[in-house]
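> Protein chains in written order, with my numbering: chain Y, -13 to 367; chain P, -13 to 367; chain V, -13 to 367. Backbone N, C-alpha and C define an ideal beta-carbon position, used for all residues, glycine too. Just so it is clear, the structure is predicted and the values come from calculations on it, not from any experiment.
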Amino acid sequence: MSLEPELVPGGLARSIEELRLVDHHVHGVSARDLSRRAFEGLITESDRPIPEWMTQFDSQVGYAILRHCAPVLGLDPHCTPEEYLARRARLGVDEVNRLLLGASGIGHFLVETGYRSEEVLGPSGMAEAAGVPADEVVRLEAVAEQVAAEGCAAWAFAGRFEEALWERTRTARGLKSIAAYRHGLDFDPSRPTDDEVAEAAGSWFAAGGRLADPVLLRHLIWTGIDRGLPLQFHIGYGDPDLDLRRSDPLLLRGLIELAEPAGVPLLLLHCYPYQRHAGFLAHAYPNVFFDVGLGVTFTGARSVALVAESLEAAPFAKVLFSSDAWGPAELHHLGALLWRRAMARVLGEFVTEGEWSVGQAIRVAAMVGGENARRVYGLGS
Amino acid sequence: MSLEPELVPGGLARSIEELRLVDHHVHGVSARDLSRRAFEGLITESDRPIPEWMTQFDSQVGYAILRHCAPVLGLDPHCTPEEYLARRARLGVDEVNRLLLGASGIGHFLVETGYRSEEVLGPSGMAEAAGVPADEVVRLEAVAEQVAAEGCAAWAFAGRFEEALWERTRTARGLKSIAAYRHGLDFDPSRPTDDEVAEAAGSWFAAGGRLADPVLLRHLIWTGIDRGLPLQFHIGYGDPDLDLRRSDPLLLRGLIELAEPAGVPLLLLHCYPYQRHAGFLAHAYPNVFFDVGLGVTFTGARSVALVAESLEAAPFAKVLFSSDAWGPAELHHLGALLWRRAMARVLGEFVTEGEWSVGQAIRVAAMVGGENARRVYGLGS
Amino acid sequence: MSLEPELVPGGLARSIEELRLVDHHVHGVSARDLSRRAFEGLITESDRPIPEWMTQFDSQVGYAILRHCAPVLGLDPHCTPEEYLARRARLGVDEVNRLLLGASGIGHFLVETGYRSEEVLGPSGMAEAAGVPADEVVRLEAVAEQVAAEGCAAWAFAGRFEEALWERTRTARGLKSIAAYRHGLDFDPSRPTDDEVAEAAGSWFAAGGRLADPVLLRHLIWTGIDRGLPLQFHIGYGDPDLDLRRSDPLLLRGLIELAEPAGVPLLLLHCYPYQRHAGFLAHAYPNVFFDVGLGVTFTGARSVALVAESLEAAPFAKVLFSSDAWGPAELHHLGALLWRRAMARVLGEFVTEGEWSVGQAIRVAAMVGGENARRVYGLGS
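1) Is the beta carbon of residue 171/Y closer than 7 Å to that of residue 238/Y?
2) Any beta carbon of chain B sitting closer than 7 Å to that of residue 357/P?
3) State the Cα-Cα distance for the pair residue 241/P and residue 222/Y, rounded to the nearest angstrom.
4) Determine the chain P residues that contact residue 42/Y at a beta-carbon separation under 9 Å, and present them in chain order.
5) Are the stretch 244 to 259 of chain Y and the stretch -2 to 17 of chain V in contact at 8 Å, needing three or more beta carbon pairs?
6) Do you know whose CA, among 174/V, 350/V, 271/V, lies nearest residue 200/V's CA?
7) By Cβ distance, which residues of its chain are closer than 8 Å to residue 63/V, with the 5 residues on each side in sequence left out?
8) Which residues in the same chain as residue 280/V place their Cβ atom closer than 6 Å to its Cβ, once the five residues preceding and following it in sequence are excluded?
9) Is there a Cβ of chain V sitting closer than 7 Å to that of residue 37/P, yes or no?
10) Does any C-beta atom of chain P lie closer than 7 Å to the C-beta of residue 163/V?
11) Residue 336/P CB to nearest chain Y CB: under 7 Å?
12) Have a look at 323/P, 284/P, 208/P, 133/P and flag the residue whose alpha-carbon is nearest the alpha-carbon of residue 163/P.
13) Please state the DSSP three-state secondary structure of residue 313/P.
14) Kindly indicate which residue of 11/Y, 50/Y, 278/Y has the alpha-carbon position closest to the one of residue 101/Y.
15) Three or more C-beta pairs closer than 8 Å, one from the stretch 31 to 51 of chain V and one from the stretch 131 to 145 of chain V: is that the case here?
16) Determine, using beta carbons only, whether residue 337/P and residue 347/P come nearer to each other than 7 Å.
17) Give the residues of chain Y in contact with residue 285/V, contact being defined as C-beta atoms less than 8 Å apart.
18) Find the nearest neighbour of residue 96/P within the set 273/P, 343/P, 318/P, judged by alpha-carbon distance.
19) Mind pulling the alpha helix (DSSP H) runs of 4 or more residues that sit fully within the stretch 272 to 342 of chain Y?
20) Between the C-alpha atoms of residue 370/V and residue 130/V, what's the straight-line distance to the nearest angstrom?
21) Measure how close the beta-carbons of residue 8/P and residue 307/P come, nearest whole angstrom, since I'm counting them as under 8 Å.
22) Is any beta-carbon of chain P found at less than 7 Å from that of residue 146/V?
23) Which class does residue 221/Y belong to by DSSP, given the choice of helix, strand or coil?
24) At a cut of 8 Å, does the stretch 257 to 272 of chain P reach the stretch 324 to 337 of chain P through at least three beta carbon pairs?
25) Would you please state the rounded distance, in angstroms, between the beta carbons of residue 93/V and residue 356/V? I believe it to be under 8 Å.
26) For residue 246/Y, which residues of its own chain have a beta-carbon under 7 Å away from its beta-carbon, when the five flanking residues on both sides are left out?
27) Just list the residues that DSSP pairs residue 124/Y with in beta bridges.
28) Please classify residue 35/P: is it buried, with 16 or more other beta-carbons within 10 angstroms of its beta-carbon, or exposed?
29) Do you know how far the Cα of residue 299/V is from the Cα of residue 266/V?
30) Just to check my reading of the structure: residue -2/P and residue 333/P have Cβ atoms closer than 8 Å, yes? What is that Cβ distance to the nearest angstrom?
31) Between residue -11/P and the rest of its own chain, which residues show a CB-CB distance below 6 Å, the 5 nearest in sequence each way excluded?
32) Locate the beta strand (DSSP E) running through residue 9/P, then write down its first and last residues.
33) Check whether the Cβ of residue 80/Y lies closer than 7 Å to any Cβ atom in chain P.
34) Whose C-beta lies closer than 7 Å to the C-beta of residue 146/P among residues of the same chain, with five residues either side of it excluded?
35) Whole angstroms is fine: what's the gap from residue 183/P's alpha carbon to residue 143/P's?
36) What did DSSP end up calling residue 111/Y once you bin it into helix, strand or coil?
Below, the structure written as C-alpha cells:
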C-alpha cells in the first residue's frame, strides 16, 4: 500500500501503516472455496440474487478488491474479476485467508459470533488464521433465541436468559444488539417490567420465529447493561432486512440517557450515512462511542469522505475502528486498508494545511486505530 | 468545456466529453423570449417572486450560467447578467435553444410532459430543436386529472384511468409519479381496494382541485406498475410545494418491497440531499435506480460533491443521468455540462489516486451517462 | 493567519482577511480566569464532566485553539495544552479577551443575552472589550420567564409578555427562540388562541420550572413575529439538552409558510448537520436565512466541508456569518478565523477551477460576512 507520500507527511504515513489495529467488531472469515456467484453474493449487503444484467464487481467494493487484494494474491492491480477469482481458486481459501488477514495488520480481533457462525471461523479459528489474539463479542438476540430453542416457560424466560448470558459471556469482551434489524431503534427506551417480559415471551413462544418483539429486545439490552460489558449497537447501513430510516442513531437518545448512570460504554457501529449524527452523540454523551466500519469497505475509493465526516464533532477518544467483515477475507483486508488510507489522507491534509501537527495526527490515528478500543474493552496494550 | 487535464487523465476527459448522454428525465425548453424577471424566476425552484434586495444570478446556478452558457452564446465567461440577457435577447430564443441544446451533447431525451406542458416544447419539438431522438415519459397524475376533467362516475374512475393510461402510453418509455408533491412519500404502500378507490374518487370529484388523496396516488402508482413501464418518482429537492422531510426516499421502502416481484424498475429522481439514502436503496434492492439530476444544476460549482456522494454504496449499474431541466435551455445545457465536469473530476481523482484504472472510470462514465438508461428503458444502443 | 496563497488567489485572500464581519449571533466572553477543568468544560457543547480518561483538547476545537489562538497569545502553533493554559493564566482574562477579540476582525456583534448572562459580558462590555459596536438580540423565553418570576395571573400573561417584550427590545436588533431546546421543532405552527395561552400559562405557573410548553413557545414566537424584529431560531447542533432529531429545520416548514406574509426574516442558526436542509428552505422561501455558526468552530479543520455545504442551493443573499461563541474568547476568535479560512478555501477552489471569477468570490464573501446581516438587521454600512 502506498500512502501517497507527496500528500501525507512521511512520519505520519509510516506510523499509520505500522499501527497494529484493534478490529472491535468483526465476524469470521469463510473457510470454503467460493464460486463466482457465491463470491459476488458476499461482497454486497444485498441478500437478493445479483441481477444477470450486472456484476457486483462494478461497484466501489469490487474495484477496491481488484485494486488492493489482487497484489496480495500476486496479481497486478486492476486485474479482471476473472483473473482475480481464478487466482483465488488456485491458491485455495486457507492460503487466501492467511495472506489477506496477515497483510491487514490487524493485531486483535473482537469477533461477533451471532450471525451464521457455522459458515465462518470463530474466535479461535480467526486467531489461528491471523496469528493474533481474537476475543468474542456475544450477540444478545442469539443467546435469547438459544434459550427459546431449548424450551422454557414464559415466566422463566427472564431468569433463564440472564443465566445463559452470564454463562455465555464468561470470557467475552463485549455484547451486541441488533434491535435495529429486528424492530428499528424507535422503541420505548425504558426497562420493561417482569410481567411485560413474561407476557411478551409467551407471545413469542406461541408465534415462533425470530425474536422481534420490542419489549423483549429492550429486555435483552437492559440485561446486557446489567452484565456490564461494552454494548455494541448495529446502526445505519446494512442489508435490506433493515429499515435505514429507523436505524438513525439519534433514535437512541432516550436509551443513552437512561443508561448513562450505569457507566456501560455504548458503541454505535457503522452509522453510514448517519456518521455526523453519531458524532454529535459521542460529543454530547460520555458513554457513547462510534465507528464507521462497514461503510468504509463498501464505499471504497469514497471512504475518505466517511472517515473525514467521522472526525468532526466527536472528541477523538470516542472514535473506533472496525471492519464488520463477514465471509471473504477480502472484506477484512479492505476494512483495515481503506481505513488506513483514509486516515492517512484526512489527517495528512490537516497537517499539510498547517492545521494539525504531525504529532497530533499520529496520536489521533493511534487512538482511533486501537488505543480507544483497548481502553474501552480492557484489552491491555 | 475544459476538464482540467492536469487533474483528469486525458483519455478519461475525452471519453466523458464525447459521451452521447441519455437524459432520462427532462422537460421541454421554453420557446418564448424571456424578460429578466421571467428568466430569474425560472432559474430557481422557488415559486415566490425574487425579492427586490437580491438577484437569483447571485447563486450557484446563476454563476454557472454566466460561466458556462455565456461562451456558447459567444460571450466571455463570467460576464454580467445584463450582458448575458442582452445577448440572449438579441439571438432570439430559437437560436439560443439550438445552441445550448446542441452543445449539451445529449443524444436522447426522455421528456416528461406532465408539468405546464403548454409553455414548453413537447418531445417532437425537443427532437427538432436538438436534432436527436426524444421520447415521452407520462405523468400519472396528469392522466388521472384529465380523466376527471372529462367527467366520470366515481365507481368508473379506476377503469377509465386504466384505459386512459394504456392509451396515453402507447409509445411512452416511462411513467412518473409526483406523490412526493401531492402528499409526501409517507403513504401506506399497499394497493388500495376497488372500493377504496371509488370512494376516494368520489370525494375528489366532489371537492375538486388537483389530485392529492393518498389512496388515489397509490392507485395510480399500482396501476402504473401493472402497466409495466419503468416508473420514476420525484424525490427530494424541488419547489416549496414539497415538504422535503416527507420526500426522503427511505419512506418508499415498503412500496419497493411490495413492487419487487413485478420487476418494474423504480427510478428515484434528484434525491438531493438524500442521495446517500437513495444509494443505499439501489444497493439493497434490484428494482431501484437513482440519479442526482436537478441537484447538480442548482449546486453549480458544488455539484462535484453530490455526484461523488452518488458513487458510494450503489453498484454502478444502478445510477443514471438526468437534467430535470424545464424552461430555459440553460438548464438543459448545465445539467449535462456540470454532470460531465463532476464525473470527470470525481472519477479522475479515483484514477490519479491509483484507486481505479482509467478503463474502469471510462466504463462507469458510459454506464451512468447512457448505458444504464438504454438498458432500463429499452432504448437500443 | 495565512490563507495558503497557492490555493487562494491573492486578491480574494486579502479581501477575506480584511472583511469587518458582522457576528449576527454571539454571546458574551467570560471575564473570569478559568481553571483547566473549567476551560475544558467550556470548549465542548456537552454539559457532562469531561471523563478522566480523555481531554477535550483532543478534539477539533482543541487542536484549533492550540493552532490558531496560541500565536495570538505569543506562543508557537501546536503548543501543549499546559503551555497554552499557563500563558493564558499569566496574561489574565482581560488581556486574553482583548487580544483574541481584537484579532478576530469582527466589526459588529449582535449579542444574545438570554443564556447565563450573569457569567459573561453583555453588549456594552463586549463593545468595550472589542472596541466595536455591539447590539442586543433578546431571547423570547428569557423575557417570558422574567414575567413569570415577577408574578402574574394566567389570564394576564399574554398581555404582560407583550408589554415586557416591547419594553425589553426598544433598542434590540433581533429576537431569538430556543423552542428546539425546550420542546423540539415538531410543534403545531399555528398561533394559539388567547384561551389556550391562558390555560397553558396557568399550568406552567402551577408546575413551575422553565418554560417548555409548546403552546407557550408558539405564543412567544407569534408575539415575536408581531414585534417585527428579525427572529433567530436555534437549529441543529447544541448541548445534550437538545434532541437533534427534533431540531431538523425542515420541521419549521409550516411556521415558515404561516409567517411569510408578515415579512419578518427568520434566521436559522448553526443547522449542523442539517445545513443542506437549511439551504433548501433558504432557496424556497424569501423569509428564510441561515448560517453554519457553531458547527464551524467545533469542527475545526473540517469546517471547510460545512461551509462548502452551506453554499449549494441557497442564493448567496440568504447566508450569514455567526460564531455563537459563549464564554472563552477563543470561541469568538475561532468562529471568525475558521469561517474566513473556510470561505477562502471554498471560494478559492471555485476560482482556481475556473468556475467563478475572483470578483464573484469577493462579492459573495462580503455578502455572507456582513452585507446580508447589515441589510437584514438594518445596521447601516
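The short version:
1) yes
2) Protein chains Y, P and V are contained in the structure displayed, whereas chain B is not.
3) 20 Å
4) Residues of chain P whose Cβ lies closer than 9 Å to the Cβ of residue 42/Y are, in chain order, 301.
5) no
6) 174/V
7) 52, 53, 54, 56, 57
8) Scanning its chain for C-beta atoms nearer than 6 Å, with the 5 sequence neighbours on each side dropped, one finds around residue 280/V the residues 223, 256, 310, in chain order.
9) It does; some Cβ of chain V falls within 7 Å.
10) no
11) yes
12) 208/P
13) strand
14) 11/Y
15) The stretch 31 to 51 of chain V is not in contact with the stretch 131 to 145 of chain V.
16) yes
17) Ordered by position in chain Y, the residues that pass the 8 Å Cβ test against residue 285/V are 298, 299.
18) Closest option to residue 96/P, judged by alpha-carbon separation, among 273/P, 343/P, 318/P: 318/P.
19) 279 to 285, 289 to 296, 315 to 338
20) This structure leaves residue 370/V out entirely; chain V is present only between -13 and 367.
21) 7 Å
22) no
23) strand
24) no
25) Right, their Cβ atoms sit about 7 Å apart.
26) For residue 246/Y, where only same-chain residues beyond five positions count, the Cβ hits under 7 Å are 271, 273.
27) 161/Y
28) exposed
29) For residue 266/V and residue 299/V, the distance between alpha carbons rounds to 6 Å.
30) Yes, residue -2/P and residue 333/P are in contact; Cβ-Cβ is about 6 Å, under 8 Å.
31) A caution first: residue -11/P carries a pLDDT of 45, below 50, which makes its placement in the model unreliable, though a value can still be read off. Contacts found: -1, 330.
32) 7 to 12
33) no
34) 133, 138, listed in sequence order.
35) 8 Å
36) In the structure shown, the three-state DSSP call for residue 111/Y is helix.
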